[in-house]
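A quick write-up on the structure given underneath.
Number of protein chains: 2
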Amino acid sequence: MKVLKIPEPTVVRLSLYSRFLNQANDKGMDIISSDEIGVAVGIPSAQVRKDLSYFGEFGIRGVGYRVKDLCEQVDKLLCVNQPWPVVIIGAGHLGKAMATYKGLLDRGFEVVALFDTDSDAIASSASSEEVSDNLPIYPLRELERVVQEKKIKMGIIAVPAESAQSIAEALIQTGVASIINFAPVVLNVPEHVEIRNIDLTVNLEVLSFNLGMRSS
Amino acid sequence: MKVLKIPEPTVVRLSLYSRFLNQANDKGMDIISSDEIGVAVGIPSAQVRKDLSYFGEFGIRGVGYRVKDLCEQVDKLLCVNQPWPVVIIGAGHLGKAMATYKGLLDRGFEVVALFDTDSDAIASSASSEEVSDNLPIYPLRELERVVQEKKIKMGIIAVPAESAQSIAEALIQTGVASIINFAPVVLNVPEHVEIRNIDLTVNLEVLSFNLGMRSS
DNA sequence: AAGTGTGAATCACTTCACAGCC
DNA sequence: GGCTGTGAAGTGATTCACACTT
Chain A
1 MKVLKIPEPT VVRLSLYSRF LNQANDKGMD IISSDEIGVA VGIPSAQVRK
51 DLSYFGEFGI RGVGYRVKDL CEQVDKLLCV NQPWPVVIIG AGHLGKAMAT
101 YKGLLDRGFE VVALFDTDSD AIASSASSEE VSDNLPIYPL RELERVVQEK
151 KIKMGIIAVP AESAQSIAEA LIQTGVASII NFAPVVLNVP EHVEIRNIDL
201 TVNLEVLSFN LGMRSS
Chain B
1 MKVLKIPEPT VVRLSLYSRF LNQANDKGMD IISSDEIGVA VGIPSAQVRK
51 DLSYFGEFGI RGVGYRVKDL CEQVDKLLCV NQPWPVVIIG AGHLGKAMAT
101 YKGLLDRGFE VVALFDTDSD AIASSASSEE VSDNLPIYPL RELERVVQEK
151 KIKMGIIAVP AESAQSIAEA LIQTGVASII NFAPVVLNVP EHVEIRNIDL
201 TVNLEVLSFN LGMRSS
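Chains as they are written, first to last, in UniProt numbering: chain A, 1 to 216; chain B, 1 to 216.
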């Protein structure tokens, strides 16, 4: 039952809608218009309606959307109505920052394990280093066991550029097929694996490019 | 001297080209083809040539590009042939992770100061906490002074969602007009300010959406 | 022969504008 | 009257394919 190809920008916006709708729902709002949603997330109302219309008719003409219903529908589309266990590879500053970040859990993503190469973060600690409550740092050799026991589908790569490709391969080996990559490298992975890169320096360079454009 | 509107995806790719070309140059490569660049960054060669062609003719027909020349040209376009001082607001795990991240300096971005609200990271330390060598954590009230003294144009927001909007306003107040925002909120800012959002949960939700699509 | 540079064609996404319903 | 849903139009980005240069 493939509906039809959904534009990626639409999916990104759905996530923004979801966050806002959950907040609106918590505040007890009952009805909301595409215009209000648009203002909240900085997007034209026609775009909001078009995005939603890919998936069905969720609103009431002349009225708007029931916040609770729309919220549930959008969360279901994004599959955030279920918890997602994730692993993080790399227990450096960034890996630990994400492991302790509460915002993930708020959206249903649970970091169930942090990994690092056997030699570094692990060996340097006495025996069982923990980054926070109940979150041990495992050696990489435990990756396969944990991923399979906990049926993990998503991994976050937070290791240096040099090791990112081999870590990606290790993750894929164990069955993880959805990866967020923070390392500043282009990873190559098989067709069926989805990688999303989050690259701070690329973002900074877009800013510096645009600063350069203005002053010329 | 506005050339013509450059597509944003092109600018993002320029950053990838730059990183790769600098590595190729360091390895002593002399000539490179659009196809080799494309393979390295995972993009079709026609796209590489089209991207470069927005800015001029950098190659030699039938031959390819001189690595050193192209590298210099692309770095100049991105304005990464000059150092950029940046500030980070928010000295939590994420802020500290970025402040100590060497990859920024490699690309010419120097974190010159980390800020936090007066009450938190600062007050809790004895007197002058440092996150690493020579990088003190300043109280927010010092922001304006530092930004203006060091002529800072870029800021990175790494504070909780609740305070991100007011921090953005504070940055803009001091003259910063290019901002990377890690907080999971849509900031509204004046026309002339450029915000780039880096949102981990949005990225994870795109992955969960796509996982949901496959199994249906 | 090999690889760039680029108009033209295609594909993708956004915006418009209005019919349809409450 | 007000707001949704959506084809149609418009805009933007990618891919094609080939003339051009070394």
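Where a beta carbon is used, it is the ideal one built from N, C-alpha and C, also for glycine.
Check, Outcome
"What's the gap between the Cα of Phe182 of chain A and the Cα of Ile32 of chain A?", "36 Å"
"Whose CA, out of A:Ile167, A:Val176 and A:Ala161, lies closest to the CA of Val147 of chain A?", "A:Val176"
"Helix or strand or just coil, what does DSSP make of Ser34 of chain B?", "helix"
"On a Cα-Cα basis, can you pick out the residue from B:Thr117, B:Asn22, B:Gln73 and B:Gly103 that is closest to Pro160 of chain A?", "B:Gly103"
"Which value, in whole angstroms, describes the spacing of the CA atoms of Val11 of chain A and Asp51 of chain B?", "26 Å"
"Which term fits Pro95 of chain B, buried or exposed, when burial requires 16 or more other beta carbons within 10 angstroms of its beta carbon?", "First, the amino acid is wrong: residue 95 of chain B is Gly here, not Pro. Burial call: buried."
"Pull up the distance between the alpha-carbon of Ser45 of chain B and that of Arg61 of chain B, whole angstroms please.", "14 Å"
"Kindly list the residues whose CB is nearer than 8 Å to the CB of Met29 of chain A, restricted to its own chain and excluding five residues on each side of it in sequence; keep chain order.", "Val67"
"Distance cutoff 8 Å, beta carbons only. Does Ser208 of chain A sit that close to anything in chain B?", "yes"
"Of all the options A:Ile157, A:Leu207 and A:Thr117, which has the alpha carbon lying nearest to the alpha carbon of Asn197 of chain A?", "A:Ile157"
"I want to see whether chain A comes within less than 8 Å of Leu94 of chain B, judged by CB atoms only; does it?", "yes"
"Taking C-beta pairs closer than 9 Å, name the residues in chain B that Met154 of chain A reaches, listed in chain order.", "Leu204, Leu207, Ser208 and Leu211"
"Residues of chain A with a CB under 9 Å from the CB of Gly42 of chain B: which are they?", "Val186, Leu187 and Asn188"
"With the cut-off set at 8 Å, would you say Lys151 of chain A and Val112 of chain A are in Cβ contact?", "no"
"Spatial neighbours of Leu140 of chain A within its chain, please: C-beta separation below 6 Å, excluding the five flanking residues on both sides.", "Phe115 and Thr117"
"When DSSP labels each residue in this structure, what does Met154 of chain B get in the three-state scheme?", "strand"
"Taking contact to mean 3 or more Cβ pairs, one atom from each stretch, closer than 8 Å, check whether the region 186–193 of chain B and the region 82–90 of chain A are in contact.", "no"
"Report, in whole angstroms, the separation of the C-beta atoms of Phe58 of chain B and Asp69 of chain B, which I expect to be a contact under 8 Å.", "7 Å"
"Ser125 of chain B by DSSP, collapsed to three states: which one?", "With a pLDDT of 48 at Ser125 of chain B, under the threshold of 50, the predicted position of this residue should be treated as unreliable, though the coordinate-derived value follows. Here Ser125 of chain B sits in coil by DSSP."
"Could you tell me if Glu162 of chain A is buried or exposed, where buried requires 16 or more neighbouring beta carbons within 10 angstroms of its beta carbon?", "exposed"
"If we count the other Cβ atoms within 10 Å of its Cβ and call it buried at 16 or more, is Gly56 of chain B buried or exposed?", "exposed"
"Mind pulling the chain B residues with CB within less than 7 Å of Cys79 of chain A?", "Ser208, Phe209, Leu211 and Gly212"
"Mind checking which residues open and close the alpha helix (DSSP H) that includes Pro209 of chain B?", "Reading off the sequence shown, one finds Phe at residue 209 of chain B, where the question assumed Pro. First-last of the alpha helix (DSSP H) with Phe209 of chain B: Leu200 to Arg214."
"Tell me which residue opens and which closes the alpha helix (DSSP H) that Ile167 of chain B is part of.", "Ala161 to Thr174"
"What are the boundary residues of the beta strand (DSSP E) that includes Pro9 of chain B?", "Looking at the DSSP string, Pro9 of chain B is not in any beta strand (DSSP E); the run it does join, the alpha helix (DSSP H), is Glu8 to Asp26."
"Please report how far the alpha carbon of Ser125 of chain A lies from the alpha carbon of Leu105 of chain B, in whole angstroms.", "Confidence at Ser125 of chain A is low in this model, with a pLDDT of 48, below 50, so the placement of that residue should be treated as unreliable; the coordinate-derived value is given next. Their Cα atoms are separated by approximately 29 Å."
"Are any of the Cβ atoms in chain B nearer than 8 Å to that of Ile37 of chain A?", "no"
"To the nearest whole angstrom, what separates the beta carbons of Ala97 of chain A and His93 of chain B, a pair I think is in contact under 8 Å?", "3 Å"
"Under the assumption that Ser18 of chain B contacts Val80 of chain B (Cβ atoms under 8 Å), give the Cβ distance between them as a whole number of angstroms.", "6 Å"
"Quick one: Cα of Gln82 of chain B to Cα of Ile172 of chain B, how far?", "23 Å"
"Who are the near neighbours of Arg214 of chain A in its chain, counting only those whose CB is closer than 7 Å to its CB and skipping five residues on each side?", "none"
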